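**Student:** Just so you know, my numbering puts the end of the sequence shown at 387, numbered straight through with nothing missing.
Beta carbons: idealized from backbone N, C-alpha and C, even for Gly.
Since we're looking at a predicted model, the values are computed, not measured.
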Amino acid sequence: RILYLSSVEGGEIYVMDADGSNPVNLTRTPGLDDVPVWSPDMSRVAFYSDRDDDWEIYSMRADGSDQINLTNHPALDAFPAWSPDGEKIAFYSHRDGDWEIYSMRADGSDVRRLTFSPDFDGYPDWSPDGSRILFHSHRDAGNGEIYVMNADGSVPTRLTFDPGEDTDPAWSPDGQWIVFNSDRDGDHEIYVMPAPGPQEQMEAEPSLVKLTDNEVGDIEPDWWCTPLEGEAS
Numbered sequence: 155r156i157l158y159l160s161s162v163e164g165g166e167i168y169v170m171d172a173d174g175s176n177p178v179n180l181t182r183t184p185g186l187d188d189v190p191v192w193s194p195d196m197s198r199v200a201f202y203s204d205r206d207d208d209w210e211i212y213s214m215r216a217d218g219s220d221q222i223n224l225t226n227h228p229a230l231d232a233f234p235a236w237s238p239d240g241e242k243i244a245f246y247s248h249r250d251g252d253w254e255i256y257s258m259r260a261d262g263s264d265v266r267r268l269t270f271s272p273d274f275d276g277y278p279d280w281s282p283d284g285s286r287i288l289f290h291s292h293r294d295a296g297n298g299e300i301y302v303m304n305a306d307g308s309v310p311t312r313l314t315f316d317p318g319e320d321t322d323p324a325w326s327p328d329g330q331w332i333v334f335n336s337d338r339d340g341d342h343e344i345y346v347m348p349a350p351g352p353q354e355q356m357e358a359e360p361s362l363v364k365l366t367d368n369e370v371g372d373i374e375p376d377w378w379c380t381p382l383e384g385e386a387s
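1) Note down, in chain order, each residue of its chain lying with its Cβ closer than 8 Å to the Cβ of PRO348, except the 5 sequence neighbours on either side.
2) Under a Cβ-count criterion, where at least 16 other Cβ atoms within 10 Å of its own Cβ denotes burial, should SER308 be classed as buried or exposed?
3) To the nearest angstrom, report how far apart VAL162 and ALA200 are at their CA atoms.
4) Rounded to whole angstroms, what is the Cα-Cα separation between ASP306 and THR269?
5) Is it right to say LEU313 is buried, meaning 16 or more other beta carbons lie within 10 angstroms of its own, or is it exposed?
6) Kindly give me the distance between the Cβ atoms of GLY318 and ASP337, rounded to whole angstroms, as I take these residues to be in contact under 8 Å.
7) Do you know how far the Cα of LEU224 is from the Cα of ALA260?
8) Return the CA-CA distance between ASP252 and GLY351, expressed in angstroms with no decimal places.
9) Could you tell me whether the Cβ atoms of HIS248 and ASP273 are closer together than 8 Å?
10) Which partner residues of ASN179 appear in the DSSP bridge assignment?
11) Could you compute how far the alpha carbon of ARG198 sits from the alpha carbon of ASN226?
12) CB GLU254 to CB ASP239, shorter than 8 Å?
13) Give me the DSSP bridge partner(s) of VAL199.
14) Is the separation between the beta-carbon of TRP192 and that of SER237 shorter than 8 Å?
15) For TYR390, write down the residues that DSSP places opposite it in a beta bridge.
16) What does ASP250 pair with, by DSSP beta-bridge criteria?
17) Just the C-alpha distance for ASN368 and GLN355, rounded to the nearest angstrom, thanks.
18) Assuming ALA244 and SER263 are in contact, meaning their beta carbons sit under 8 Å apart, how far apart are those beta carbons, in whole angstroms?
19) Going by CA-CA distance only, name the one from ASN297, TYR301, SER271 and GLY296 that's closest to PRO278.
20) When we look at the beta-carbon of ASP283 and count the other beta-carbons within 10 Å, is it buried (16 or more) or exposed?
21) Exposed or buried, GLU299, counting other C-beta atoms within 10 Å across all chains shown (16 or more means buried)?
22) List the residues that DSSP assigns as beta-bridge partners of SER291.
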């Protein structure tokens, strides 16, 4: 099944079958609901919403029931990302005066701040083994770069070194590659690079592969696993 956001009824989260049939509105609230993401076992959906007058992270069952405010904080909380085991959710928040990345248990408890930078940190993405988190930050050069840190926030390491804006990082399912978008060539295009080892410190960019090359913006890349021939999907 496919989750998506639609403005048909004012910014709601829907689910539909993979062939586009049977669309169902899951949220049905007067607020704007955004960035829905499946839990790894697809039993729940995390998203953020302004239904309570500021952005909060919510969780609901796959059928739209049991909608729970997980963050319940007066500051803005956005962009949830599930850990591979479904036990934690990373997100970014303005609760300490600037945008930082936090993690919490899937029930909203045990909130922990992971980044400590006076500049923007956001767009977290867990590695497939749950040991590291990719993120986007303006901390070193004022422009957006891609970083990786351990899941507890330690050893933040810069991965891109370009005056352009690099953002929206995502791990490949095998953890060997990182995809992101960048405007380094004048407009946003999709790039891929090899993922560094757990203890590897970067002083320059690895070799990049530019996947798109056109005159319009290409953004928000993600990976999709397709079954091998003869395997069930």
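**Tutor:** In this structure, then:
1) If we look at PRO348 and ignore the five residues flanking it on each side, its Cβ neighbours are GLN330, TRP331, ILE332, PRO360 and SER361.
2) Counting of Cβ neighbours within 10 angstroms places SER308 among the exposed residues, the total staying below 16.
3) The straight-line gap from Cα to Cα measures roughly 21 Å.
4) Answer to the nearest angstrom: the Cα atoms are 9 Å apart.
5) LEU313 comes out buried.
6) About 5 Å; that satisfies the 8 Å criterion.
7) Looking at the two C-alpha atoms, the distance is approximately 8 Å.
8) Distance from the CA of ASP252 to the CA of GLY351, rounded to the nearest whole angstrom, comes to 30 Å.
9) No. Outside cutoff.
10) Note: ASN179 sits in a beta bridge opposite TYR168.
11) Distance between the alpha carbons of ARG198 and ASN226 is about 19 Å.
12) For the pair GLU254 and ASP239, the CB atoms are not nearer than the 8 Å cut-off.
13) Bridge partners of VAL199: TRP192 and MET214.
14) Contact: no.
15) Residue 390 cannot be examined here, being either before or after the span of the chain that is shown, 155 to 387.
16) ASP250 pairs with nothing; no bridge assigned.
17) The alpha-carbon of ASN368 is positioned some 33 Å away from that of GLN355.
18) Rounded, the Cβ-Cβ distance is 15 Å, inconsistent with contact.
19) Closest by alpha carbon: TYR301.
20) By the 10 Å Cβ count, ASP283 comes out exposed.
21) Buried, because 16 or more other Cβ atoms sit within 10 Å of the Cβ of GLU299.
22) SER291 is bridged to ASP275 and GLU299.
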